[in-house]
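Residue numbers (UniProt numbering): 1 to 104.
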């Protein structure tokens with residue numbers, strides 16, 4: 001694909017934000033504004049449940065925003081699906097490692 005299915009893990013977002021309806025098993029249409037570093041913007045069109053597929057996550061409060069520049073996966077949703085996040089900062093480089101914890 002052209003990167004449309006990639007999700008960027010984001011520690012600053014409170015909710016996972018996805019650009020495509022195909023990820024949802026159910027959508028409740030409701031427009032909403034979100035706050036960004038650039039101010040408030042009305043990019044949210046609905047919210048719903050993320051479809052589990054392969055090694056994907058089940059997310060009960062993901063937000064749908066076709067205007068978003070990328071898919072954002074919140075650290076909260078990563079942890080709720082049994083993964084541990086370890087972020088390492090060395091100089092200007094920041095990397096995150098994910099480990100699955102089967103003992104949820």
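Glycine included, each C-beta is placed from N, C-alpha and C at the ideal position. Everything numeric in this text was worked out from a predicted model, so none of it was measured.
Identity of the residue in the options nearest residue i by Cα
i          : options        : result
residue 63 : 57, 85, 30     : 30
residue 61 : 69, 77, 68, 11 : 77
First and last residue of the uninterrupted alpha helix (DSSP H) at residue i
i          : result
residue 80 : 75 to 80
Where the beta strand (DSSP E) containing residue i begins and where it ends
i          : result
residue 60 : No beta strand (DSSP E) contains residue 60, which DSSP labels as neither H nor E.
Under the three-state DSSP convention, the category residue i falls into
i          : result
residue 6  : coil
residue 86 : strand
residue 19 : coil
residue 25 : strand
residue 69 : coil
residue 32 : strand
Residue i vs residue j beta-carbon contact at 7 Å
i          : j          : result
residue 74 : residue 26 : no
residue 72 : residue 8  : yes
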